[in-house]
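Take a look at the structure below.
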Amino acid sequence: MSLFKARDWWSTVLGEKDEFDQGCLCVADVDNSGSGQDKIIVGSYMGYLRIFNPHPVKPGDGVQPEDLLLEVQLREPILQVEVGKFVSGTEGLHLAVLHCRKLCVYTVSGTLGNVEHGNQYQIKLMYEHNLQRTACNMTYGPFGGVKGRDLICIQSMDGMLMLFEQESYAFGRFLPGFLLPGPLAYSSRTDSFITVSSCRQVESYKYQVLACATDADERQGTEQQKLSSGKKLVVDWVLNIGEQALDICIVSFNQTVSSVFVLGERNFFCLKDNGQIRFMKKLDYSPSCFIPYCSVKEGTINTLIGNHSKMLNVYQDVTLKWATQLPHIPVSVKVANLEDLKGVIVTLSDNGHLQCSYLGTDPSLFQAPRVDSREVNYEEYDAEMKELQKIIKEATKTQDILPKSEKHRDLIVTAEVSPDLDAESQAIESEVKAEAVPSVTVKVTIQSRVTAQKPFLAVCVQAPLAVTCDQFIFDDLEPGSSETVVLSAFLKGNCSPSELEGNCFVSYNTPTELIPEGIPKVAQCNFRLPLRLICIPAQPSKAANHKLTIDTNKPPVSFLTVFPDFVDPSEDDQANVLGFQFLTGSKTTLLASKTSQRYRIQSDQLEDLWLITKELTLRLEEHFKKQNCQDFACTFSGSIPLQEYFELIDRHFELRLNAEKFQELLSERAVQFRAIERRLLTRFKDKTPAPLQHLDTLLEGTFREVIALADAAEENQANTFQAFTKLRSATHLVIMLISLWQKLSTDQVAILEATFLPLAEDTQELGWEETVDAAISYLLRTCLSKSSKEQALTLNSQLSMPKDTSRLKKNITLFCDRLAKGGRLSLSTDSATQPAAVMPGGCATIPESDLEERTVIPGSTATLPSHGQVARQKSKPGTGNGGLNAASRHRFVDLESSREEEHRVESECKGAGEVPLSRLSEDAAEEAEKP
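Counting from 0, one number per residue, gives the positions in the sequence shown under numbering that gives the first Met the number 0.
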């Protein structure tokens with residue numbers, strides 16, 4: 000048993016499906032036995048009143064029949080029980096029971112039994128008060144300094160304090176500014192009532208002020224009656240604690256000092272009589288109840304605080320002295336003297352778990368057995384040591400931070416995407432302007448091998464894709480059980496997505512003996528949506544602004560085999576050329592060479608090339624994998640389209656600048672709007688009417704400007720999202736082309752993706768440009784650095800939005816140039832300074848002499864081809880296809896001739912629009928065979 004667990008002295012469970020709260024527990028010598036032993040009084044919301052006198056044979060025993068002195072069911076729910084001197088003419092203790100509309104005072108008496116059944120106890124009603132208002136809680140004490148008797152004060156749900164002088168009703172007062180009732184306590188030292196209002200401040204009201212204030216029964220009278228009935232109720236002192244209070248307790252263990260303890264939702268306060276803070280303690284948990292008690296150290300007070308983590312903490316002022324584990328969450332805690340055992344902790348949970356416990360330890364009775372003397376076999380020990388060292392050496396070889404996945408997972412989640420689109424589309428609230436927006440069914444299955452508590456499923460897809468329902472909550476799963484949900488995915492935004500992948504995450508808890516609430520775990524799986532979800536077959540187009548050529552090491556495959564869902568088997572002319580039209584309107588054409596091993600992808604937009612290129616490579620890999628061909632590979636020997644990529648970066652950054660301008664303008668107009676409002680309010684409050692001087696017209700005009708600016712900012716935000724989606728697609732394409740060009744490994748591609756795609760969501764505070772610039776700068780100063788001097792340069796640790804994109808474009812150009820020179824991506828700085836080497840695929844490094852002939856970017860080490868070498872290539876100063884290798888540079892002459900031929904063909908086709916598929920297929924095969 001743990002040292003920090005409460006020692007169970009006596010416990011029981013009260014009733015079935017019964018509910019209890021803070022005021023339902025009380026400990027006192029209610030039967031006036033005079034023995035000094037307290038009895039435990041418990042009331043419930045079901046109306047049961049129980050009185051216990053625990054007598055366990057040994058610590059930890061359950062309840063015995065004779066422990067229950069009395070159990071009676073009253074007709075109404077019991078809100079609170081208290082014991083005090085509530086009957087006139089006697090100083091004996093009586094029991095006060097608060098119901099919703101009634102206050103009852105009972106006397107508890109016992110009759111000495113003559114048989115083995117023991118003593119008999121009964122309660123007798125002394126008097127009762129029917130309440131005109133619904134009660135919330137009550138407090139008692141010698142109000143006004145009376146001797147030998149206690150008065151009762153009840154707080155109603157509407158903020159009225161009803162005071163009773165034992166058998167008679169005294170008066171009632173409404174609290175000022177009341178909204179919701181809070182905890183209530185009485186301080187006998189200052190003769191005042193202390194509560195916490197809805198304004199989250201502690202308020203104190205003197206009893207004398209309450210007695211002399213306006214009567215609550217005359218509150219609805221005329222103004223003259225109010226003035227003649229008494230004074231206005233004024234608060235004695237106020238302290239703002241900034242949070243709602245759970246309970247208030249006032250203690251005075253000597254005649255000189257008394258303290259007001261307030262338990263908040265996140266803090267614990269100790270106040271003086273005048274409302275000044277004596278000390279406070281910030282709690283790092285959610286408390287449920289508390290009780291102060293006398294400390295053995297003079298000048299300090301001990302406090303028990305229970306929390307929702309089933310813990311009971313013992314504080315001496317603000318110092319934590321002990322923490323103990325309880326088997327339940329306490330809603331009320333008391334300290335009692337039971338059977339000559341002083342300081343027993345009595346706790347009650349909301350479902351009726353009543354326990355008497357103490358803090359202590361059990362002595363350890365374990366004795367180590369004697370070791371048998373025997374001869375030691377050193378050879379056997381040496382062999383075992385070598386075997387253990389071998390196992391340790393094998394285990395330390397792997398440097399993975401994350402643990403290896405288990406062979407048998409506790410919970411398995413799988414996602415199955417339907418091969419066909421839904422017959423009836425499930426798309427809802429789609430912004431796509433197409434005639435029909437298709438959807439596809441995704442079936443998610445959860446299989447549990449163990450008990451899974453609170454399983455929660457989240458389905459995530461990349462915007463502008465969406466699903467019909469993305470969150471599911473299940474009941475607890477038993478071992479061997481499973482759950483299945485069906486949802487539909489569709490295109491919601493009016494732009495093409497950058498990814499078709501989706502993720503399913505399941506969070507759940509697995510209970511253990513030590514942690515009954517369970518250990519949190521997460522299971523996940525991925526799925527890929529079909530290309531037909533975002534595009535449809537279309538007529539191929541000859542004209543295109545952007546073209547890419549992918550080389551392979553295998554003969555070309557017919558599109559009838561690779562894209563059976565996009566071609567018609569009856570049309571043979573679609574075997575080498577295929578057209579795709581996205582739901583957003585743009586078109587992309589895919590061509591395959593009949594003789595060479597090349598594929599060409601062309602489109603008017605650079606970002607539209609990505610998904611088709613990705614789908615082509617995936618389907619080709621899957622096709623050759625089915626044929627048991629393991630050496631299939633794709634390469635790219637063309638030039639990286641940096642110029643077009645930079646245009647997308649500039650467009651996205653321009654929209655971010657516009658967002659900043661809109662924010663500044665909105666802030667200015669809002670300040671102006673508030674200033675006009677203040678002036679108008681001053682004019683309206685003035686007793687002497689004055690002309691408005693067109694302030695109302697100015698207010699209306701400013702309001703229209705604010706609305707117009709807000710609409711423009713919202714439209715700019717939507718455009719920024721579309722621009723970022725296009726930028727992500729183009730970034731994916733650039734990463735893929737660089738990886739095919741340099742034949743990067745899987746780890747290097749992962750570094751490249753982490754560098755260029757660090758953000759899943761672009762925000763104004765942390766944008767794509769500054770994040771990528773910092774990542775590329777780090778790589779240029781570590782693994783791609785030329786010398787140790789570059790490694791010594793320090794990077795700015797604070798990211799902020801740049802003024803322009805010139806630095807980012809210069810770094811991207813330099814990044815490609817370093818890769819072309821033989822640089823290799825690595826997270827370690829050991830490979831920083833690398834010798835130049837010949838690029839794979841016949842791409843040689845750039846000679847230094849060639850670099851000198853190029854145009855230098857101002858303020859940068861990156862270089863570009865001179866204007867004379869690429870006269871037909873559109874470029875701007877400071878941007879362009881920097882980092883071109885030597886092979887690409889010598890290929891410009893051949894590209895010029897091929898482009899002239901393309902212009903000639905396009906001029907012939909101009910006016911005719913679309914061309915026949917047969918001719919387009921032949922032209923595509925000839926163009927794909929060109930170097």
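No residue lacks a Cβ here, since even glycine has one placed at the ideal position from N, Cα and C.
Cα-Cα separation, residue i to residue j
i	j	result
ASN552	SER592	13 Å
PHE192	CYS198	17 Å
SER43	VAL104	17 Å
GLN131	SER186	26 Å
GLN121	VAL29	12 Å
ASN810	ILE600	28 Å
LYS785	LYS820	10 Å
MET159	TYR292	31 Å
ASN52	THR213	46 Å
PHE142	TYR284	36 Å
LEU939	ARG650	Nothing can be reported for residue 939: it is not among the residues displayed for the chain, which extend from 0 to 930.
VAL56	ASP66	11 Å
ALA753	ARG823	15 Å
HIS352	ALA5	14 Å
PRO757	LYS296	58 Å
VAL566	PRO536	7 Å
ASP339	LYS38	13 Å
VAL86	ALA27	16 Å
ILE240	ALA184	17 Å
VAL145	GLY263	32 Å
LEU486	THR318	54 Å
VAL521	PRO478	17 Å
Whether residue i touches residue j by CB criterion (8 Å)
i	j	result
HIS307	SER287	yes
PHE268	VAL332	no
GLY274	LEU238	yes
GLN79	ASN129	no
GLU75	TYR139	no
LEU590	VAL576	yes
LYS432	ASN493	yes
PRO529	VAL466	no
PRO510	LYS491	no
THR978	TYR314	Within the shown structure, residues of the chain are numbered from 0 to 930, placing residue 978 beyond reach of any answer.
ARG531	PRO640	no
LEU751	GLY637	no
VAL505	LEU456	yes
ASP349	ASP20	yes
Reference residue i; option with closest CA among the options
i	options	result
GLU202	GLY637, ASP272 and HIS545	ASP272
GLN36	CYS23, TYR47, MET45 and HIS54	HIS54
TRP9	SER258, VAL733 and SER356	SER356
TYR644	LEU160, GLU606 and PHE558	GLU606
ARG673	LYS660, LEU697, LEU656 and PRO688	LEU697
GLN629	ARG806, VAL330, GLU620 and VAL416	GLU620
TYR47	CYS152, GLN119, GLU18 and ALA722	GLU18
ARG94	THR106, TYR204 and LEU102	According to the sequence provided, residue 94 is Leu. The question's Arg does not apply to it. Measuring from the Cα of LEU94, the nearest candidate turns out to be THR106.
PHE579	ARG597, THR594, SER540 and PRO555	SER540
VAL771	THR781, THR730 and LEU736	THR730
ASP947	ALA435, THR189, ARG597 and THR612	What the structure shows of the chain is the stretch from 0 to 930, and residue 947 is not part of that stretch, so it cannot be assessed.
ASN718	SER728, LEU664, ALA707 and LEU654	LEU654
TYR206	SER196, SER34, CYS152 and ALA522	CYS152
GLY342	ASP349, VAL334 and SER348	VAL334
GLN470	ARG806, VAL458, LEU736 and SER424	VAL458
Pick out the complete beta strand (DSSP E) segments inside the stretch 147-200, 3 residues or longer, and give them in chain order. 150-155, 159-164, 167-173, 183-186 and 191-195
For the stretch 407-495, list the beta strand (DSSP E) runs that are entirely contained and at least 3 residues long, ordered along the chain. Entirely contained in the stretch 407-495, the beta strand (DSSP E) runs reaching 3 residues are, in chain order, 410-420, 438-447, 452-460, 464-466, 470-472 and 481-490.
With three or more beta-carbon pairs closer than 8 Å as the criterion, would you say the stretch 480-490 touches the stretch 439-448? yes
Given 8 Å as the limit, is there contact between the stretch 502-519 and the stretch 734-753, that is, 3 or more CB pairs closer than that? no
Is it a yes or a no for the stretch 676-685 touching the stretch 706-716, going by three-plus beta-carbon pairs under 8 Å? no
The stretch 170-177 / the stretch 242-262 touching (three or more Cβ pairs under 8 Å): no
Jot down the residue ranges of each uninterrupted beta strand (DSSP E) in the stretch 101-145, minimum 3 residues, whole runs only, in chain order. 101-110, 119-129 and 134-140
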